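K.L.:
Residue numbers (my numbering), protein chains in the order written: chain G, 152 to 493; chain Z, 413 to 738.
Here it is, the structure in full.
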């Protein structure tokens, strides 16, 4: 599959009165056509800042690019002017946000908000844009689109608003759709609808999706590949099978152990002790070292390199160094997916 | 974990309505009947707007009931009481809130936040005793002694939730309503707080009403689970039974909608995707509240509201599919 986005050694910081917060540190990943890449991590792990950097939506100042590059379709996005970015945002790269109520304009009808991009990027007439808007609303499963298109966001329910957002983001057939916690504010039954819709639309349009989430269930449902972020760094990447059935990073183990299993009971959750590092003063070595049950002396002093375990799986952990003691993943990690019973 | 099935709380046809304007009434809780046994965790799940938080607050007496009754240890919660009786009741029932940022007074030190209940109820005779109790509580919830002199803004979300738990425990309650206590927290921190709540229950014999929308976490922590939809209880069963043999079509849909962190399972799973959204509780559907989204809806569902019946032992359901079949 063709690579359409390549992020290399990206570092983004924020200047605050206290210190420079190093939100994203040396992050690299690729995105291919037609795939869904999930970026998982806890709040403050840098996943949203990474995505916003691709859209160049990080406010600067206080934010700043410290280093790295973002190559989209052979072009460097970091060097683009605001004006040049405007022709990429919404046209080549679309984005949907967590809270559809605050990210839609309350004073504009849904139809106008869809038409905006179509008129700007595709030089459509108002009439054509309106017709296309109705088509798009139908495509995202909004009943009665002829009537709905003239309504305002407050007349929509949460799930409907998120559908409308997806319609806006997909209006110009972007090559990449960035979905930042698209279902976090929604109820589970609505979440299931939206995840289904995103998968179906991806099949129809071939859009690559960057899915940002903290919910491993959503990842298992929708992603092809996964990048696990912690403390501003990607600690492990791999195919969805590798991450769930053959994870190598202790943080990934911890995340998997923290989730309750519906089909098991009366077991204590395997909580990760402690809390994430302060990125105003990030640890010198591995960001997870302070909470890692397997941490060695080297972990606190040097950041491990990314060990390539397969074509797709890369893990940054000193345990994979040949000199390190062999550590087996904890029992609850479903190695090989063998415990699956339907 | 239920050894003695002693009823701690009986909830009988509890209703809580809110008046919107002259014509409209929002029926947030519309006739709940269930018991909570001593020492158990009763989980209450449902989507946003189903009335689960209102139910929790009404059971605590934070809201007056529009109808029905809550009996706590033989005495009605909503009946008029003397100041002394009311104080004793509030000491026995405590609450942990969802938002650990909004539920701690930012201008009080952690020590004073935790000790507020102790002071009000006069549970410490001397300053030294008060100090000692606060330290003990901080330790119980996994915080350090020197955390006591700090202010809430100096803590992370998970730590704040621990402070909220310590505050609730300070007055030695029997019953704690935990309203979405973990949904504002990160996954790895959620597990810490849930484990803490379970340990405390073991040590102190607490009874929990655990309100959440996350069915997998509710299943993990609860002995029994009640599923709410639009102000009504649609199903109650032990958490294993509810997962293994859900009866109500809504419970089935809710269970099937939870994404499971296992890609193979996710791919092979058949999902019941519900159409549409939850109807407005101001103008709820006639008959069964779920019928507008129910894949099994029959004619009778729009005409008659199904009774809440015990279909199997300890497994209650309100659905016409099961009426007259037990």
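The beta-carbon is built from N, C-alpha and C at its ideal position, and this holds for glycine as well.
This one's a predicted model, so the numbers in the text were calculated from it and none came from an experiment.
Using the beta-carbon of each residue, which ones in chain G are nearer than 7 Å to residue 655 of chain Z?
P.N.:
Per Cβ cutoff of 7 Å: 413.
K.L.:
So the candidates are Z:696, Z:593, Z:556; which of them puts its Cα closest to the Cα of residue 573 of chain Z?
P.N.:
Nearest of Z:696, Z:593, Z:556 to residue 573 of chain Z, Cα basis: Z:593.
K.L.:
Note down the Cα distance separating residue 386 of chain G from residue 468 of chain G, rounded to an integer number of angstroms.
P.N.:
Going by the C-alpha atoms only, they are around 7 Å apart.
K.L.:
Thinking C-alpha only, which one of G:181, G:347, G:308, G:320 is nearest residue 252 of chain G?
P.N.:
Checked all of G:181, G:347, G:308, G:320; the closest Cα to residue 252 of chain G is G:308.
K.L.:
Using the Cα positions of residue 461 of chain G and residue 153 of chain G, report the straight-line distance between them to the nearest angstrom.
P.N.:
C-alpha separation (whole angstroms): 19 Å.
K.L.:
Please report the straight-line C-alpha distance between residue 219 of chain G and residue 433 of chain G, rounded to a whole angstrom.
P.N.:
Straight-line Cα distance between these residues: approximately 19 Å.
K.L.:
So, helix, strand or coil for residue 516 of chain G, using DSSP?
P.N.:
Outside the shown range of chain G (152 to 493) lies residue 516 of chain G, about which nothing can therefore be said.
K.L.:
Cβ closer than 7 Å: which chain Z residues qualify as neighbours of residue 193 of chain G?
P.N.:
By Cβ distance, chain Z contributes 598, 599, 600.
K.L.:
So if DSSP puts residue 299 of chain G in a beta bridge, which residue, or which two residues, is it bridged to?
P.N.:
Answer by DSSP bridge pairing: none, since residue 299 of chain G is not bridged.
K.L.:
Which chain G residues are close to residue 740 of chain Z, counting only those with a beta carbon under 7 Å from its beta carbon?
P.N.:
With chain Z represented from 413 up to 738, any question about residue 740 of chain Z goes unanswered, as that position is not in the structure.
K.L.:
Does residue 432 of chain Z pass the burial test, meaning 16 or more other C-beta atoms within 10 Å, or should it be called exposed?
P.N.:
It counts as exposed.
K.L.:
Are the CB atoms of residue 582 of chain Z and residue 508 of chain Z within a distance shorter than 9 Å?
P.N.:
Against a cut-off of 9 Å, the Cβ pair of residue 582 of chain Z and residue 508 of chain Z comes out as no contact.
K.L.:
Compute every distance between the C-beta of residue 285 of chain G and the non-hydrogen atoms of the ligand NAP, then say whether any falls below 8 Å.
P.N.:
This structure lacks the ligand NAP, and indeed carries no ligand of any kind.
K.L.:
With 9 Å as the C-beta to C-beta threshold (strictly closer), list the residues of the segment 356–373 of chain G near chain Z in chain order.
P.N.:
Hits within the stretch, in order: 365, 366, 367, 368, 369, 370, 371, 372, 373.
K.L.:
Along the chain, where does the beta strand (DSSP E) containing residue 288 of chain G start, and where does it finish?
P.N.:
Note, residue 288 of chain G: premise wrong, no beta strand (DSSP E); alpha helix (DSSP H) at 277–290.
K.L.:
Given a cut-off of 9 Å on the beta-carbon distance, is the pair residue 619 of chain Z and residue 455 of chain Z in contact?
P.N.:
No; because the gap between Cβ atoms is not below 9 Å, this pair is not in contact.
K.L.:
How would you list, in chain order, the residues of chain Z whose beta-carbon sits under 8 Å from the beta-carbon of residue 485 of chain G?
P.N.:
674, listed in chain order.
K.L.:
Residue 727 of chain Z to residue 735 of chain Z, Cα distance in whole Å?
P.N.:
Residue 727 of chain Z and residue 735 of chain Z: Cα-Cα distance of roughly 13 Å.
K.L.:
Determine the extent of the beta strand (DSSP E) in which residue 723 of chain Z is found, giving its start and end residues.
P.N.:
Its beta strand (DSSP E) spans residues 721–724.
K.L.:
Less than 7 Å between C-beta atoms, sequence neighbours within five positions excluded: which residues of the same chain meet that for residue 492 of chain G?
P.N.:
With a pLDDT of only 39 at residue 492 of chain G, under 50, the local geometry of the prediction cannot be trusted, and the value read off the model is given with reservation. No residues qualify anywhere along the chain.
K.L.:
Run through DSSP, which three-state label would residue 599 of chain Z get?
P.N.:
It is helical.
K.L.:
Report yes if the C-beta distance between residue 443 of chain G and residue 455 of chain G is below 9 Å; otherwise report no.
P.N.:
Taking 9 Å as the Cβ cut-off, residue 443 of chain G and residue 455 of chain G do not qualify as a contacting pair.
K.L.:
Between the segment 658–689 of chain Z and chain G, which residues of the former have CB atoms less than 7 Å from a CB of the latter, in chain order?
P.N.:
Of all residues in the segment 658–689 of chain Z, 665, 666, 669, 670, 671, 672, 673, 674, 675, 676, 677, 678, 680, 683, 685, 686, 689 have a Cβ within less than 7 Å of some Cβ in chain G.
K.L.:
Cβ closer than 9 Å: which chain B residues qualify as neighbours of residue 310 of chain G?
P.N.:
Going by chain labels, chain B is absent from the structure shown, which instead holds the protein chains G and Z.
K.L.:
Relative to the C-alpha of residue 336 of chain G, which candidate in G:311, G:280, G:184 has its C-alpha closest?
P.N.:
For residue 336 of chain G, the nearest C-alpha among the options comes from G:311.
K.L.:
For chain G, is any of its Cβ atoms less than 9 Å away from the one on residue 436 of chain Z?
P.N.:
Cβ-Cβ to chain G under 9 Å: no for residue 436 of chain Z.
K.L.:
Mind listing, in chain order, the continuous beta strand (DSSP E) runs of no fewer than 3 residues lying wholly within the segment 441–470 of chain G?
P.N.:
Taking only runs of at least 3 residues, the beta strand (DSSP E) segments lying wholly in the segment 441–470 of chain G are 457–459, 465–467.
K.L.:
Can you find at least 3 beta carbon pairs, one from the segment 625–636 of chain Z and one from the segment 696–710 of chain Z, that sit closer than 8 Å?
P.N.:
As far as the Cβ criterion goes, the segment 625–636 of chain Z does not touch the segment 696–710 of chain Z, which means the pair count is below three.
K.L.:
Is residue 341 of chain G close to chain Z, meaning its C-beta is less than 9 Å from at least one C-beta of that chain?
P.N.:
Cβ-Cβ to chain Z under 9 Å: yes for residue 341 of chain G.
K.L.:
Let me see if you follow: with CB-CB separation under 9 Å, is residue 708 of chain Z close to chain G or not?
P.N.:
No, residue 708 of chain Z lies away from the interface with chain G (no Cβ there is under 9 Å from its Cβ).
K.L.:
On the premise that residue 420 of chain Z lies in contact with residue 567 of chain Z, defined as a C-beta separation below 8 Å, what is that separation, rounded to the nearest angstrom?
P.N.:
Incorrect: roughly 32 Å between the Cβ atoms, too far for contact.
K.L.:
Cα separation between residue 657 of chain Z and residue 713 of chain Z?
P.N.:
Between residue 657 of chain Z and residue 713 of chain Z, the C-alpha separation is close to 22 Å.
K.L.:
Quick one, which residues of the segment 560–571 of chain Z are near chain G if we go by CB-CB under 7 Å, in chain order?
P.N.:
Listed by position along the chain: 568, 570.
K.L.:
Run down chain Z in chain order and give the residues with a C-beta less than 9 Å from the C-beta of residue 497 of chain G.
P.N.:
Only positions 152 to 493 of chain G appear in the structure, and residue 497 of chain G is not among them; the question remains open.
K.L.:
Taking Cβ-Cβ distances shorter than 8 Å, what residues in chain G pair up with residue 604 of chain Z?
P.N.:
What residue 604 of chain Z touches in chain G: 422, 423, 424.
K.L.:
Can you check whether the C-beta of residue 410 of chain G is within less than 9 Å of a C-beta belonging to chain Z?
P.N.:
Yes - at least one Cβ of chain Z is within 9 Å of the one on residue 410 of chain G.
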